[in-house]
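Peer 1: Protein chains in written order, with my numbering: chain A, 649 to 1443; chain B, 489 to 654; chain C, 17 to 306.
For glycine and all other residues, C-beta sits at the position ideal for the given N, C-alpha and C.
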Amino acid sequence: MGYVGSSVKRVEDPRFIQGKGAYVANIELPKMVYLAVKRSPYGHAKITKINTKKAKAHPGVVAVFTGQDLIDSGVGVMPCGWNVPDIQIPVRQALTVDKARHVGDGIAVVAAEHPYIAADAVELIDVSYEPLPAVVDARKTTDVGVPQIHDNVAENTSFEWSLGDKEACDKAFSEADHIVDLELTNQRLIANAMEPRACVAQWNHATEEMTVWTTSQNPQPIRLLLSAFTLGIPENRLRVISPDVGGGFGSKIFHYPEEVITPWIAREINRPAKWVATRSESSVTDSQGRDHITLARMALKKDGEISGVHVSTWANMGGYLSTFAPLIPTAFYITLFAGLYKMKGVWGEVFGTITNTVPVDAYRGAGRPEASYVIERLVDVAAHELGMDPVELRRKNFIGKDEFPYQTPVALQYDSGDYHAIFDKATSIANYTKMRSDQDEARSSGRLVGVGVSGCIEASGPAPSAVAGALGSAVGFWESGVVRVHPSGKVTVLTGSHSHGQGHETTFAQIIADELGIDMGDIEVVHGDTGRIPFGMGTYGSRSAAVGGSALVKSAEKVREKLKKIAAHQLEASVEDMVYDQKEGKVYVKGSPDKAKPFGELAFAAYSAHNLPEGLEPGLDETSFYDPANFTFPNSAHIAQVEIDPETGEVDIQRYIAVDDVGNVINPMLVEAQIQGGIAQGAGQALWEQGVYDENGQLLTASLMEYAMPRAHAFPRFEIGRVETPSPHNPLGVKGAGEMGTIASTVCIANAVMDALAPLGIRHLDMPLTPEKIWNAISAVGQRTTAKVEYFGGD
Amino acid sequence: MKLPVSIAVNGSATSSEVEPRLLLVHYLRDVLGLTGTNVGCDTSQCGSCTVLIDGEAVKSCTVLAVQADGSDITTIEGLAQDGELHPIQQAFWDNHGLQCGFCTPGMILTATEILKKNPRADEHEVRHGLEGNICRCTGYENIVKSIVAAQSAKPAKKRASKKGAA
Amino acid sequence: MYSTSFDYYRPKNLKEAITLLRKHKDAKLLAGGHSLIPAMKLRVSSPSAVIDIARIRGLDGIKASKSGVRIGGMTTHAAVESSKDLHKTCPVLSETAGHIGDIQVRNRGTIGGSLAHADPAADYPTVLLALDADIVATGAKGKRKIPADEFFVDLFTTGLKAGEVLTEVSVPAMKAGQGACYLKHRHPASSYAVVGVAAFVALKNGVVKEARLAIGGVTSTPVLVESVDASLAGQPPSTKAISEACEDVPAALEYPLGDVYASGEYRTHLATVLSRRALTEAVSRAKKQK
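(1) Does DSSP put A:Q1322 in a helix, a strand or coil?
(2) To which residues does DSSP link B:V539 through a beta bridge?
(3) Helix, strand or coil for A:M1226 per DSSP?
(4) Cβ atoms of A:P1364 and A:Q1302: under 9 Å apart, would you say?
(5) Taking CB distances under 9 Å as the criterion, tell me whether C:M190 reaches chain A.
(6) Which value, in whole angstroms, describes the spacing of the CA atoms of B:E613 and A:G1144?
(7) What whole-angstrom Cβ distance do A:V745 and A:I797 have, given they're in contact under 8 Å?
(8) With a threshold of 16 other CB atoms inside 10 Å of the CB of C:R292, please say whether the residue is buried or exposed.
(9) So, A:H1286 versus A:L830, is the Cβ gap smaller than 9 Å?
(10) What residues of chain B sit near A:I765, judged by a beta carbon separation below 9 Å?
(11) Express the C-alpha separation of A:M1036 and A:R1084 in angstroms, rounding to a whole number.
(12) For C:V211, which beta-bridge partners are listed by DSSP?
(13) Check the Cβ of B:P593 against every Cβ in chain A and list those closer than 9 Å, keeping chain order.
(14) List the residues of chain A whose Cβ lies closer than 8 Å to the Cβ of B:E619, in chain order.
(15) Specify, as a first and last residue, the run of the alpha helix (DSSP H) that A:A1306 falls within.
(16) Run through the segment 866–907 of chain A for me and flag every whole beta strand (DSSP E) of 3 or more residues, listed as ranges in chain order.
(17) Which runs of the alpha helix (DSSP H) fall wholly inside the segment 1334–1359 of chain A and span at least 4 residues, in chain order?
(18) Hey, is A:A1356's beta-carbon within less than 9 Å of any beta-carbon in chain C?
(19) Can we say the segment 936–954 of chain A touches the segment 701–718 of chain A, given the rule of at least three CB pairs closer than 8 Å?
(20) Using the C-alpha atoms, what's the distance from B:I561 back to B:S649?
(21) Counting only C-beta atoms, is A:E676 closer than 9 Å to chain C at any point?
(22) State yes or no: is the beta carbon of C:A214 nearer than 9 Å to at least one beta carbon in chain A?
(23) Would you mind working out which of A:D818, A:K1231, A:S1102 sits nearest A:I1327, comparing C-alpha positions?
(24) If we require 3 or more residues per run, which beta strand (DSSP E) segments fall completely within the segment 1043–1113 of chain A?
(25) From A:L1264 to A:I1214, what does the alpha carbon distance come to, in whole angstroms?
(26) For the putative contact between A:Q1150 and A:T1187, defined by C-beta atoms under 8 Å, what is the C-beta separation to the nearest angstrom?
(27) Taking the beta strand (DSSP E) that C:I53 falls in, what are its first and last residues?
(28) C:P160 lies in the beta strand (DSSP E); which residues open and close that run?
(29) How about A:G691 and A:V784: do their beta carbons lie closer than 9 Å?
(30) Does the beta carbon of A:I1327 come closer than 9 Å to any beta carbon on chain B?
(31) Alpha helix (DSSP H) containing A:E1291: first to last residue?
(32) Between A:P911 and A:V860, how many whole angstroms is the CB-CB distance? I'm expecting something under 8 Å.
(33) Of all Cβ atoms in chain A, is any one closer than 9 Å to the Cβ of C:Y277?
(34) Grab me the residues of C:Q305's own chain with a C-beta within less than 7 Å of its C-beta, minus the 5 sequence neighbours each way, in chain order.
(35) Go ahead and label A:Y1067 buried or exposed: buried means 16 or more other beta carbons lie within 10 angstroms of its beta carbon, across all protein chains shown.
(36) Smallest Cα separation from A:Y1062: which of A:T1296, A:Q850, A:K990?
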């Protein structure tokens, strides 16, 4: 029917634009209680006493519980799902009992008849603390005088991990003509999905079944963790639903304490319970992103050939290990150090350290933007130091389009790409040559105009389960997909992927409509409910189309095969001679399309079962599990132009060009929008966003009054282009599209700002590139230019 | 202390006894069950909770229900008329002006205000008009596109009948 | 984030409001609520009583003529921003109002509420100081005028006495040869002024007759940089003269505030840069003002 490849309007939109989105916070149940959590105001403190008496006596309070109550009833510790060799995993209780290890660490919980009463009662809980010295800097956790935060994590270092060819790396550096050295900070970020996290739970006292609604990107893994590790309710009596979820960006992947506390209370007091985070609470409880300190070196030949990189990173894990935290700075980070380039000598190491800050885990891009930031900053500085154009230096080192599949020295095998083509397109849209000559002209009149370039690669669509297991994962990363054809010919598509803005209800319907040759309107896509889709792994790592979509394609194939069998039987032909017409949705004998059996008739026949081939089961309901053969490797060429006010240090983004290769595209409008959103989010990191902790572990940017989110007026219209090199190893030929915008724009804009400052001799500044930071740098070099101001006459 | 309030919401009279501290957004969501108005922050920054009070866009997390007593409120649920989407709603759908949908009701209601103040707002003016609304998904591009596109559509029927109270 | 409980009163007239205010010692007046309600939600302000004066007749509205401008305390920022009368008589007030918060905040927040809150990062205080405005307070004993330079006493502290209500702001109208400008470095998260600079310039026969420069956001209250008038008065308003006058700006900013976003040093620097730009623009406008 030709849905795939066209910009179909989203089928989910009518409910959202009319205020009918079904978010967790909207759920109201009879006899519901409302929860509020007492949280530590200290970054690090011993808890000596918790007095809940006054809170319990407050009118309208139903119950107050502490961590000890949970432990006494057998609640298990919060699990870590990624175990690299020799890892030391800190003990994390849903409510801490001995010490608070970050501001916001939960200590007690109130259940009340109204949320306002719960908020009042939380203030009546009296906790006695013995404040302890804190550490917030990833590189200072082993310093003299820094206390051990967890008894079982020696030197506050949870793990060390390295990857690469050390010998080749050393050789590259010993034979280098030029070496670039950089110390980089990739700052702490707060995800700030617009919907704060929430959890609702209902216990059925009679059947002993629990239903949990949670703002998760992956309800099926949450059910597994709740069942096997924390709450202990058997999976077959536990239903987890993630209905409409208002954005995730990684922060809603993880198993959170409130997902344990809420159902535990619902069962304990036999009343439905609801917890909804305030924004400020999200700031100190949602797992945060990035926070690396890195020493990076790049070896080059004098002609610009990149021969190696050597990277050491201290990754701040926060006060506990969040669910997938160890994955992010290891297998999602060092594996990307080859970038788009043919260099051989790649080696990296990481130290995962524990600090008195909110836990850190995946945040849009998750390890891969950190890697791109390191590599693409090094390349840019190298180009500057070698006197080469940054596009030319990159082109010189690209892996050629005929060299795929390409094995990198850091474990990955890139599937496909044409890096020259993406740069051809980006430089053409930008009119790069003119951009540079305009920049020269602007510079000659004292203006600080910068052009930034980035060329990024991403490993998306995690992951072959065996590979994930070998790298430390406790779970597999397949996806399940069901194509359920009803007797009337209507189709329900059930997927273990989860949409929290991506638009799966549209794109997956497009895929199946084309696979079966039916109308999109006859298809309903269902996700996010373990009661309907018991098995799945959810959405993150830009995996939904490549992994979830592929599972559905497999199920559609099974449906087609079954329909061919039924049609062959009815048309008295052999199955081998049957043709499934995917354009028209009918089956016929090769050479006789006029005698076709339409989809609807065959679907009905599958259920009427009056005339089925011998041995064929009735029904038309096919399930597949798809385990990807490899990651997919989206890649991009981005170009940004900025201008800096030399007097104030303010940065103005004047142009932004993005050309991405995300393989085949199912819905161009949606893919483009993913890139646009990603660009803004990456720009946020480059210019404004930062989670700032003081030395005691206080988060100084805990509300949206301090944490600067990107706003509409900060951006020009983005100029987007596309190159498609299909991924050869999944049936749709797709690659991930959700994260590349962020991965590429962060470093692209940083490079543009540094390019603007280059004539002043400023080599590197850490993000966020705030006006003050830039002004300080300009002042320090003592070459502050005077702004060109249009003065009035009469001078 | 509990006080009686009477508030017209989307053309229907509502009334209740409320604590003075009850925020308008919670009156709408919890008392009336109109959950289309979302709460995205606690510091009047994100604009997700935007509704129209007597025709003017306001952040309902920063208004007490008692302050809105006697006023006429439009929420996202009341924008479509007789089963027909408001032109701005339609434009958001046509131009993919939303992803997760959480900020969308606030964006759409703010857009009505931007276009009311300036029916010919250009892209730059629309971007500045959105100063009080945060979206994490879209990068704003398609939101801006939607609002600019909505201008060519017919203006919505005016619902608010009275002048502002404050 | 919910406030603590309080009693709510909606007096019918000013007299009743003043009586309530005297009766409830820790009561807060509620106008648009866009300073008070956020503070109450954070529980940094927990009054036992809230007196809503937004609906009292006669407290809002703009009366602008060549002799002067009077703005009722309950006038919203949006009304100030869009007032055609103000565009003619004192456009810098509309310009300033347009810089406050966002569309939704401007629809609800009032000039009286903002001034009485006296946030050092607010916009109105700075421009009122530069315009030499008076703030009218009404109490049990009647009205009194408080000059802007006496009104802002400290962080969140004003010259209002217990039992007084801020009822009006009175500003001189722009005359021929006068111009004013408000410039702001907006906080990227809160939208408050990291630095706000208001410049007023009166020209006569090609020289500066009077110059008033006020700076907000840097110190605990907005500051009038008095040396600017001394430096520019009697001079032609040249680039050089303005630049030199602005060299004294840092000296006027004692104990600058700093936070995660901007240090005191940077704020002081921004104040100097914006002062020069605002004075330059004010001069340009003064030349056009007939």
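Peer 2: Quick answer:
(1) Against the first sequence, residue 1322 of chain A aligns to sequence position 674. Note: A:Q1322 maps to helix in three-state DSSP.
(2) Here residue 539 of chain B corresponds to residue number 51 of the second sequence, with the count starting at 1. Within the DSSP bridge table, the entry for B:V539 names B:V546 as partners.
(3) The residue labelled residue 1226 of chain A in the question sits at position 578 within the first sequence. It is a strand residue.
(4) As a first step, residue 1302 of chain A must be located in the first sequence, where it is residue number 654. As a first step, residue 1364 of chain A must be located in the first sequence, where it is residue number 716. In this structure, A:P1364 lies closer than 9 Å to A:Q1302 by Cβ.
(5) Counting from 1 along the third sequence, the entry for residue 190 of chain C is found at position 174. Residue contact with chain A for C:M190: absent (no Cβ-Cβ distance below 9 Å to any residue of chain A).
(6) Walking along the second sequence from the start, residue 613 of chain B turns up at place 125. Walking along the first sequence from the start, residue 1144 of chain A turns up at place 496. Cα to Cα, B:E613 sits roughly 42 Å from A:G1144.
(7) Taking the first residue of the first sequence as 1, we reach residue 745 of chain A at position 97. Taking the first residue of the first sequence as 1, we reach residue 797 of chain A at position 149. Contact flag wrong, Cβ pair sits at about 15 Å.
(8) Here residue 292 of chain C is taken as the residue at index 276 of the third sequence, counted from 1. Around the C-beta of C:R292, 16 or more other C-beta atoms lie within 10 Å, and the residue is accordingly described as buried.
(9) Residue 1286 of chain A sits at position 638 when you count from the first residue of the first sequence. Residue 830 of chain A sits at position 182 when you count from the first residue of the first sequence. With contacts defined as CB atoms closer than 9 Å, A:H1286 and A:L830 fail to qualify as a contacting pair.
(10) Indexing the first sequence from 1 puts residue 765 of chain A at position 117. The premise fails here: A:I765 is roughly 10 Å from chain B at the closest Cβ pair, so nothing lies under 9 Å.
(11) Numbered from 1 along the first sequence, position 436 holds the residue referred to as residue 1084 of chain A. Numbered from 1 along the first sequence, position 388 holds the residue referred to as residue 1036 of chain A. When rounded, the distance between both Cα atoms is 13 Å.
(12) The residue you call residue 211 of chain C lines up with position 195 of the third sequence. The partner list for C:V211 (beta bridge, DSSP) reads C:H201.
(13) Residue mapping note: residue 593 of chain B aligns to position 105 of the second sequence, counting from 1. In chain order: F664, I665, Q666, G667, G669.
(14) Here residue 619 of chain B corresponds to residue number 131 of the second sequence, with the count starting at 1. Ordered by position in chain A, the residues that pass the 8 Å Cβ test against B:E619 are R1359, A1360, H1361.
(15) For the purposes of this step, residue 1306 of chain A is identified with residue 658 of the first sequence, where counting begins at 1. If you look at A:A1306, you'll find it isn't in any alpha helix (DSSP H); it sits in the beta strand (DSSP E) that goes 1299–1309.
(16) As far as the segment 866–907 of chain A is concerned, its whole beta strand (DSSP E) runs of at least 3 residues are 886–889.
(17) Whole alpha helix (DSSP H) segments, 4+ residues: zero.
(18) By one-based count along the first sequence, residue 1356 of chain A stands at place 708. With 9 Å as the cut-off, A:A1356 counts as an interface residue toward chain C.
(19) Contact between the segment 936–954 of chain A and the segment 701–718 of chain A is absent, because fewer than three Cβ pairs lie under 8 Å.
(20) As a first step, residue 649 of chain B is located in the second sequence; it is residue number 161 there, counting from the start. As a first step, residue 561 of chain B is located in the second sequence; it is residue number 73 there, counting from the start. Because B:S649 sits at a pLDDT of 39, beneath the cut-off of 50, its placement in the model cannot be relied upon, and the point is left open.
(21) What you label residue 676 of chain A is simply residue 28 of the first sequence in a count that begins at 1. No, A:E676 lies away from the interface with chain C (no Cβ there is under 9 Å from its Cβ).
(22) Position 198 of the third sequence, counted from the first residue, corresponds to residue 214 of chain C. Taking Cβ atoms only, chain A never reaches closer than 9 Å to C:A214, which makes this a no.
(23) The residue given as residue 1327 of chain A occupies position 679 in the first sequence. Closest by alpha carbon: A:S1102.
(24) Within the segment 1043–1113 of chain A, the complete beta strand (DSSP E) segments of 3 residues or longer fall at 1096–1105, listed in chain order.
(25) For the purposes of this step, residue 1264 of chain A is identified with residue 616 of the first sequence, where counting begins at 1. For the purposes of this step, residue 1214 of chain A is identified with residue 566 of the first sequence, where counting begins at 1. Cα to Cα, the separation comes out at about 9 Å.
(26) The count along the first sequence starts at 1 and reaches residue 1150 of chain A at position 502. The count along the first sequence starts at 1 and reaches residue 1187 of chain A at position 539. Yes, A:Q1150 and A:T1187 are in contact; Cβ-Cβ is about 7 Å, under 8 Å.
(27) Numbered from its first residue, the third sequence carries residue 53 of chain C at position 37. C:I53 -> not in any beta strand (DSSP E); alpha helix (DSSP H) instead, spanning 52–57.
(28) Against the third sequence, residue 160 of chain C aligns to sequence position 144. Checking the sequence, you will find Arg at residue 160 of chain C rather than Pro. DSSP places C:R160 in the uninterrupted beta strand (DSSP E) bounded by 158–163.
(29) Mapped onto the first sequence, residue 691 of chain A falls at position 43. Mapped onto the first sequence, residue 784 of chain A falls at position 136. Closer than 9 Å, so yes.
(30) Counting from 1 along the first sequence, the entry for residue 1327 of chain A is found at position 679. Interface flag for A:I1327 against chain B is set, since a Cβ pair is found closer than 9 Å.
(31) Mapped onto the first sequence, residue 1291 of chain A falls at position 643. Per DSSP, A:E1291 belongs to no alpha helix (DSSP H); it is in the beta strand (DSSP E), 1283–1292.
(32) Start at 1 with the first residue of the first sequence, and residue 911 of chain A comes out as number 263. Start at 1 with the first residue of the first sequence, and residue 860 of chain A comes out as number 212. A:P911 to A:V860, Cβ: 5 Å. Contact.
(33) Working through the third sequence from its first residue, we reach residue 277 of chain C at position 261. Yes, C:Y277 lies at the interface with chain A (some Cβ there is under 9 Å from its Cβ).
(34) Taking the first residue of the third sequence as position 1, residue 305 of chain C is located at position 289. Excluding residues up to 5 positions away in sequence, M190, A192, G193, Q194, G195 lie with their Cβ nearer than 7 Å to the Cβ of C:Q305 in the same chain.
(35) Numbered from its first residue, the first sequence carries residue 1067 of chain A at position 419. Here A:Y1067 is buried. Its C-beta has 16 or more other C-beta atoms within 10 Å.
(36) Here the question's residue 1062 of chain A lines up with position 414 in the first sequence. Nearest of A:T1296, A:Q850, A:K990 to A:Y1062, Cα basis: A:K990.
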